[in-house]
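**Student:** Submitted below is the structure of interest, expressed as structure tokens.
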Amino acid sequence: MGDRDSSKGSDILSIGLHPSTVDYSRYPGLDEATLAARIEAGEAALRVAGFDFVSCQVPAVPDEAEAKVRECAATGSFRVAMIGAGVRMAPEHTLLFERLVNVLNEMQPGIKFCFNTSPETTIDALRRWVQPTQRDKG
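First residue of the sequence shown: 15, per the numbering used here; consecutive thereafter.
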């Protein structure tokens, strides 16, 4: 599995907090249903744009999140990991962010990282490092 075959698997591992784990008191006007809908719309836009990705929504507890990322990362060989703003930008998630970067670096040596500022900016973040995969449409 050392050589990457673009016809198999995904090049992108998209990691973000599961909407059920977010502290919404920090984000006036945002709730779980709204965030879940924004994430789904962002993922739908990625598919339409031709990006092949694995979505990995993690809990806020670092040990549990690390286990989930290990599970997701074991499904393939990834060139890029997109780590969402919810993981990176809240000071209380600093340890979580650090753990996820280190586990990805361990499991996927040489992986590139990109970062969005919202579900809507994920495509822009990915395009800085990888282009959509062109699949044969039989």
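A virtual CB, placed ideally from N, CA and C, is assigned to each residue, including glycine.
1. For Q5 and I137, I'd like the C-alpha separation in whole angstroms.
2. Are the region 31-49 and the region 116-127 in contact at 8 Å, needing three or more beta carbon pairs?
3. Using beta-carbon positions only, say whether L109 and P73 come within less than 8 Å of one another.
4. Counting C-beta neighbours from all protein chains within 10 Å, is the total for R18 16 or more, i.e. buried, or is it exposed?
5. With H, G and I counted as helix, E and B as strand and the rest as coil, what does DSSP make of M103?
6. Thinking C-beta only, is C86 closer than 8 Å to L27?
7. Name the two residues that bound the continuous alpha helix (DSSP H) containing A95.
8. Leaving aside the five residues before and after R93 along the sequence, list all residues of the same chain whose C-beta is less than 8 Å from its C-beta, in chain order.
9. Measuring alpha carbon to alpha carbon, tell me which of A58, T35, T147, F129 ends up nearest E78.
10. Looking at G64 and T147, is the spacing between their C-beta atoms short of 8 Å?
11. Check for me: the alpha helix (DSSP H) holding V83 runs from which residue to which?
**Tutor:** The relevant details are as follows:
1. Since the displayed the chain opens at 15 and closes at 152, residue 5 lies outside it and no answer follows.
2. Under the Cβ criterion (8 Å, minimum of three pairs), the region 31-49 does not count as touching the region 116-127.
3. Against a cut-off of 8 Å, the Cβ pair of P73 and L109 comes out as no contact.
4. Confidence in R18 is poor, its pLDDT being 35 and thus under 50, which makes the residue's placement unreliable; the coordinate value appears in the next sentence. Within 10 angstroms of the beta-carbon of R18 lie fewer than 16 other beta-carbons, which makes it exposed.
5. DSSP places M103 in coil when its eight states are reduced to three.
6. Contact flag set, yes.
7. Segment 94-97 is the beta strand (DSSP E) holding A95; no alpha helix (DSSP H) there.
8. Contacts found: R18, D25, I26, I125, K126, W143, V144.
9. Considering only alpha carbons, the answer is T35.
10. In this structure, T147 places its C-beta atom within 8 Å of the C-beta atom of G64.
11. That run of the alpha helix (DSSP H) goes 76-87.
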